[in-house]
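A short write-up of the structure that comes next.
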Amino acid sequence: MVKKLRVGILGATGMVGQNYIQLLDNHPWFEVVYVAASPSSAGKKYSDAVQGKWQMSKSIPSNVKDLIVKDANKVNDAKGKVDFVFSALEIDKELTRALEDEYAKNDIPVISNASAHRGTYDVPMIIPEINHNHIEIIKSQQKRHGWKKGFVVVKPNCSIQSYLTPVYSLINAGYEIKRIFITTMQAVSGAGYPGVASLDIIDNVVPLIKGEEEKTENEPQKIFGKIIGDKIVSDTSIKISAHCNRVPVIDGHTACVSLEFGSKKPSIDEIKKIWKNFKSVPQELNLPFAPTNPIVYMEEENRPQPRKDRDLHKGMAVSVGRLRVCNVFDIRFVGLSHNTIRGAAGGGILNAELLKAKGYLK
Ligand code: NAP
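For the sequence shown, numbering that gives the first Met the number 0 begins at 0 and goes up steadily by one.
Following this line, the structure appears as structure tokens:
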């Protein structure tokens, strides 16, 4: 039997942390042995700390419910107890950066969901089907800080997962993309727990998610970037304009996307073929959380829909539909992904599996 890696979850009591705990139950490579959250949860049994706010469909796994929650700010408590941590903290950016660096400095690799380190030039921001090769920057990151075993890897914003892999698959097939226009309809679970007040969101759409449009417009440029020397240099050739809206959906971010190609333009049938056949490194490596088909095209004229399609391939696939000609750009389509699974904990787990398969997590 393979010895499982010991995993810690920082922010274990929150929306993303709870998803990690549910998704990692019986994971073939990883086992949750350490949970940490704010000082107000520290010292409590995990089941007591999440009492009244456990949001998952299954009950708390038996190996986690009695763990004593630690204070995530006390890095020394985790030393020697974990092989790596998932960070799902909701604290000030400066503090998050400093804390994640402190774990790395103490030989604990960090796979983060927080946005704090997404702009750091030698921190890879990974969607494993797209920029798996960016993990090679870890060597430069460790050298810069003098870290031996620790490092920080992040995953991008949850809403861009709904369309970035379909967009990348077209670039990968040789079709240059010049401009993208996106309108997102984002679920309330994206705001954490308790998140958006019910009186703000029921019977309503909120046309502002602070900072989200900037992330939507900037993060793809880093993901499509290249490692040059000791930096990831963003590809700024694609112009993106985004509108991000909060809608009364529990899980699943939807995006309406229009694309403009360069001089070479694929036909609608060609695009569907590219999406259907798209596979990448996670599928080749047969990683446990890799969806068999990362992009699923739905022919029904009224799909994808969050309630019906967000759980496709255990919440790890991107569903797309309504591909048609655009009267302003070249094509338009609708994309959907599960924000707390593919867009958060599941995406983080797939990153960890990639890092383990490539020898970065031991
Ligand atoms: P959340 O539900 O508000 O949970 C926040 C977690 O951080 C809780 O465990 C909380 O512990 C802990 N925390 C709060 N203040 C702390 C402090 N001072 N020291 C240590 N721990 C503290 O948030 P979330 O939605 O899970 O999001 C977590 C992170 O993932 C955020 O950075 C968010 O931007 C990112 N993210 C979220 C999603 C999503 O769909 N929700 C998607 C992608 C990325 P207590 O319970 O003890 O307060």
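Think of the CB as a built atom: it goes at the ideal place given N, C-alpha and C, for glycine as much as any other residue.
Asked                                                                                                        : Found
Inter-residue spacing [alpha-carbon to alpha-carbon] between K361 and G149                                   : 11 Å
Candidates S61, I270, I170, P108: closest to Q368 by CA position                                             : The structure shown does not extend to residue 368, since the chain is modelled only from 0 to 361, so the question has no answer here.
DSSP state of Q34 mapped onto helix, strand, coil                                                            : Reading the sequence as shown, one finds Val at residue 34 and not Gln. In this structure, V34 counts as strand in the three-state DSSP scheme.
Runs of beta strand (DSSP E) wholly within the region 201–250 (minimum 3 residues, chain order)              : 225–227, 230–232, 238–245
As assigned by DSSP and simplified to three states, the class of R309                                        : coil
Contact test: N75 Cβ vs the ligand NAP heavy atom, cutoff 7 Å                                                : no
C-alpha distance - I67 paired with S114, whole-angstrom precision                                            : 27 Å
Cβ neighbours of Y192 in the same chain (closer than 7 Å, five flanking residues each side left out)         : G13, M14, K52, Q54
Reduced DSSP secondary structure (H/G/I, E/B, other) of M55                                                  : coil
Where Y162 sits in the DSSP three-state scheme                                                               : coil
Segment contact flag, the region 316–334 with the region 90–97, C-beta cutoff 8 Å, min 3 pairs               : no
Identity of the residues DSSP links to G320 by a beta bridge                                                 : M297, V333
Where the alpha helix (DSSP H) through L98 begins and ends                                                   : 92–104
Residue from F277, E135, K80, P27 with nearest C-alpha to K357                                               : E135
Alpha carbon of N72 to alpha carbon of L98, nearest angstrom                                                 : 7 Å
K272: first and last residue of the uninterrupted alpha helix (DSSP H) it sits in                            : 267–276
Length of the line joining the Cα atoms of A343 and R117                                                     : 14 Å
E212 beta carbon near the ligand NAP (any heavy atom closer than 7 Å)                                        : no
Whole-angstrom distance between Y102 and D70, CA atom to CA atom                                             : 13 Å
For Q160, the nearest candidate out of Y174, I125, F83, L4 (CA to CA)                                        : I125
CB of F223 within 8 Å of CB of I237, strictly                                                                : yes
Per-residue DSSP class, three states only, for E283                                                          : helix
Buried/exposed call for T183, threshold 16 Cβ in 10 Å                                                        : buried
Under the three-state DSSP convention, the category L258 falls into                                          : strand
Touching by the beta-carbon criterion (3+ pairs, under 8 Å), the region 219–234 and the region 188–203       : no
Element boundaries [beta strand (DSSP E), containing Q185]                                                   : 176–185
Assigned secondary structure, I340 (DSSP; H/G/I helix, E/B strand, else coil)                                : helix
Proximity of D121 and R96 at Cβ, strictly below 8 Å                                                          : no
Beta carbon of S86 nearer than 8 Å to that of G10                                                            : yes
Sequence-distant residues of the same chain with beta carbon closer than 8 Å to G261, five excluded per side : Y174, E175, I176, K177
Distance between D82 and E370 (C-alpha atoms, nearest Å)                                                     : There is simply no residue 370 to check, as the chain begins at 0 and stops at 361 in what is shown.
Residue burial classification, S158 (beta-carbon count within 10 angstroms, cutoff 16)                       : buried
DSSP bridge partner residues for G7 (one or two, in chain order)                                             : Y33, V84
Assigned secondary structure, M315 (DSSP; H/G/I helix, E/B strand, else coil)                                : coil
Alpha-carbon spacing of D76 relative to F277, whole angstroms                                                : 43 Å
8 Å Cβ shell around L286 - same chain, five flanking residues per side excluded                              : P127, L349, E352, L353, A356
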